[in-house]
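For what it's worth, my numbering labels the leading residue of the sequence shown as 261, then goes sequentially. Each remark here refers to the structure printed beneath this line.
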Amino acid sequence: MKKILQRKRLSRMLGGTALTGLWLACAQVHALEFEFDEFLLNVDTTLGAATQWRTESRDKALADGTAAGNFNDGNNNFDPGLISARGNIILEVGGEYKDLSFFIRGDAVYDYVYHNNDTDISDNGYLSYNNGFFGGGTVQQGEFPRDTIAEHGRRTRLLDAFVSYSFGLGDQSGAVRFGRQIISWGESTLFSGINALQNPIDAVAALSPGAEVKEILLPTSAINLKWDFSNNFGVETYYKLDWEKSTLPGVGSYFSSSDTTGPGAERILLGPLGSGEVLHRLAPEDDGQWGLAARYISDYGTNFELYYTRSHANIPGAEVNLDLATFTGTTREIYTGDIDVWAGSFSTTLGEAQVYMDGAYSDNMPFIDLSSVLGADGILKRSDVIRGHYWQLSAGFTDIYTALPWLADQIILLGEVNYQGNNLGGSSLVPPPLGFNDPGTNMAVTETAWGYSMLAQLQYFSVLSGMDITVPISFKHDVDGYGNAIALNNGLKEGQKVAAIGVDAFYLTNWQFSAKYAWYFGNDKPEDRVLSDRDNIALIVKYTF
């Protein structure tokens, strides 16, 4: 049972790396340990610094205000050159006393580029700056919106904070955990699964150089109970005590692809003659989120899991109402509540590889609807949120190769294919508001869509005394169709591709030095390659003690 769980942890760690475009590796971390009789205390601190540069000039089709007015602020704010100068600290404290334990984690971030509040936007780019004077806003030329600075420039926050108690009854055992915690179910690693509904994410951290998975998955307050009836069968349930939204890239930040959603969103442009207001978001209640899981491990080592969850979306949909007669309108984020998902997965070993399959179904998954363009009241309704049937299936593998010493001492390889479907008949639906918001957008959600993602890590041990090197390489390709279940943030855009390569050097288990280059590219439609001119390179250094 422990062997299967260890493989899953390895797969998820590396999978999260590929999904977010980050580069992590399996370096050992030495925490400070203090022991007082039966009480054990661990303190772990990570200091990091990273710089990131844009290496590609703007694509006019993605930056011009006429065609891209509501998604170009981040593009226009940055010339080729420095886009991030980030420092951060992560502090973790854990303790154990007999069957009781606790864990607390927090982090702090400072980014000079955003805190300095000085952009590269031109006079022409400022004409289509949503929060600028011409859009009805108050942000001066060359500045970021206030909320964007607050999210990207400097912040301190509490992440995990929970207590656990383990207990036993005969041959059975259980554990209860209370507080801010991550709850993650399912086998899918390179694409979002049911776990995307269980935890909000920090997309700002995910797109920042040197960020770690523990900064990206955001904990929420919950009560979690696990009970193992035997070594083969167990159940788990949880109830969440609050709801929290995911953190989207701030308007005008480098990787922002929407000027009307996320921190700093204030105005929507309605052409050269008008603009509208971004209203306060429509959020669900804190209560009503829970889940139930059952797990069985066969005597042959195959792991079967079944899940049910009821969740509130942490990624927003959008409601946009426009009146072209007066060139006025409004938009707001909508976080849909009470999303029911049934899911199942299995994993096993095939030779030396771990293979897995993960499936999910919902009869009330939210989508963004464009089918009702003109309402009876004469208001042009650009979008609304509707619900439909949704299903997805992911299949993948994880393997470790040591038989190619001429290439690397060890190669870790992951691959996953994702297939999505819905019952909406290919109607005029658009993806989540991370994409386009302009009239005329032809980004429909198709009945089916699929894509794949690959990650390889080439590892070289003892290259120098005390130094190991890892070369991570990833590639993601959305092959066919457009699939966007808002709440899962699992959008596929036909022809879109992302590739990255990096080098990580680990010295004496405490130091990490990294470099990474990322490419974004896609087909000829601008709406299918929103980030295709954002290629970048990053340099990172970390010290853990």
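Don't be surprised by glycine CBs; every beta carbon is placed ideally from N, CA and C.
Could you check what DSSP says for residue i in three-state terms: helix, strand or coil?
i, result
"Tyr514", "coil"
"Ile443", "coil"
"Ala323", "helix"
"Leu387", "coil"
"Tyr595", "coil"
"Glu411", "helix"
"Ala328", "helix"
"Val373", "helix"
"Phe393", "helix"
"Gly334", "helix"
"Leu360", "strand"
Based on DSSP bridge pairs, tell me the residues matched to residue i.
i, result
"Gly366", "Leu351, Leu418"
"Tyr650", "Ser622, Asn682"
"Arg527", "Glu537"
"Ile672", "Ile660, Gln717"
"Asp583", "Thr588"
"Ala435", "Ser426, Lys486"
"Asp519", "Answer is none; Asp519 lacks a bridge partner."
"Leu552", "Thr497, Tyr568"
"Val563", "Checking the sequence, you will find Asn at residue 563 rather than Val. Its beta-bridge partners are Ile557, Ser607."
"Val615", "Thr608, Phe657"
"Ala709", "Gln680"
"Gly577", "Ile594"
"Glu293", "Asn302"
"Arg346", "Ala310, Asp371"
When the distance is taken between beta carbons, is residue j closer than 8 Å to residue i?
i, j, result
"Ala747", "Leu501", "no"
"Glu352", "Asp383", "no"
"Asp738", "Gln756", "yes"
"Pro523", "Thr408", "yes"
"Gly217", "Arg527", "Absent from the model: residue 217. The displayed extent of the chain is 261 to 805, so no value can be given."
"Arg789", "Asn783", "yes"
"Phe735", "Ala759", "yes"
"Ser605", "Tyr616", "yes"
"Tyr595", "Leu539", "no"
"Asp547", "Pro479", "no"
"Val322", "Asn330", "Looking at the sequence shown, residue 322 is not Val but Leu. For Leu322 and Asn330, no; Cβs fall outside 8 Å."
"Ser426", "Asp371", "no"
"Ser792", "Tyr780", "yes"
"Leu715", "Tyr679", "no"
"Val580", "Thr591", "yes"
"Thr306", "Ile349", "yes"
"Glu447", "Asp618", "yes"
"Leu529", "Asn390", "yes"
"Trp445", "Ala573", "no"
"Asn459", "Ile483", "no"
"Gly551", "Thr569", "yes"
"Ala486", "Arg365", "The residue you asked about is not Ala; residue 486 is Lys in the sequence shown. The answer is no: Cβ separation not under 8 Å."
"Ala463", "Pro509", "yes"
"Ile461", "Ser506", "yes"
"Gly741", "Leu724", "no"
"Phe299", "Phe362", "no"
"Gly648", "Asn683", "yes"
"Asn749", "Ile575", "yes"
"Gln432", "Phe489", "yes"
What residue ranges within the region 719-801 form continuous beta strand (DSSP E) runs of no fewer than 3 residues, ordered along the chain? Segments of the beta strand (DSSP E) lying fully in the region 719-801: 727-740, 757-767, 771-781.
Pairs of beta-carbons, one from the region 376-395 and one from the region 437-455, closer than 8 Å: are there three or more? With a cut-off of 8 Å, the region 437-455 and the region 376-395 do not count as touching, because too few Cβ pairs lie within range.
Enumerate, from N- to C-terminal direction, the unbroken beta strand (DSSP E) stretches of 3 or more residues contained entirely within the region 437-486. No beta strand (DSSP E) of 3 residues or more sits fully in the region 437-486.
Between the region 337-344 and the region 298-314, do at least 3 Cβ pairs fall closer than 8 Å? Cβ pair count under 8 Å is three or more, so yes.
Determine, using beta-carbon pairs with one atom in the region 404-423 and one in the region 511-523, whether at least three such pairs fall under 8 Å. For the pair of segments examined, the region 404-423 was found to touch the region 511-523: the number of CB pairs separated by less than 8 Å reaches three.
Does the region 724-732 come close enough to the region 659-666 to have 3 or more Cβ pairs within less than 8 Å? With a cut-off of 8 Å on Cβ pairs, the region 724-732 is not in contact with the region 659-666, counting fewer than three such pairs.
Residue ranges of each alpha helix (DSSP H) run of no fewer than 4 residues wholly in the region 295-321, ordered along the chain? Listed in chain order, there is nothing to give.
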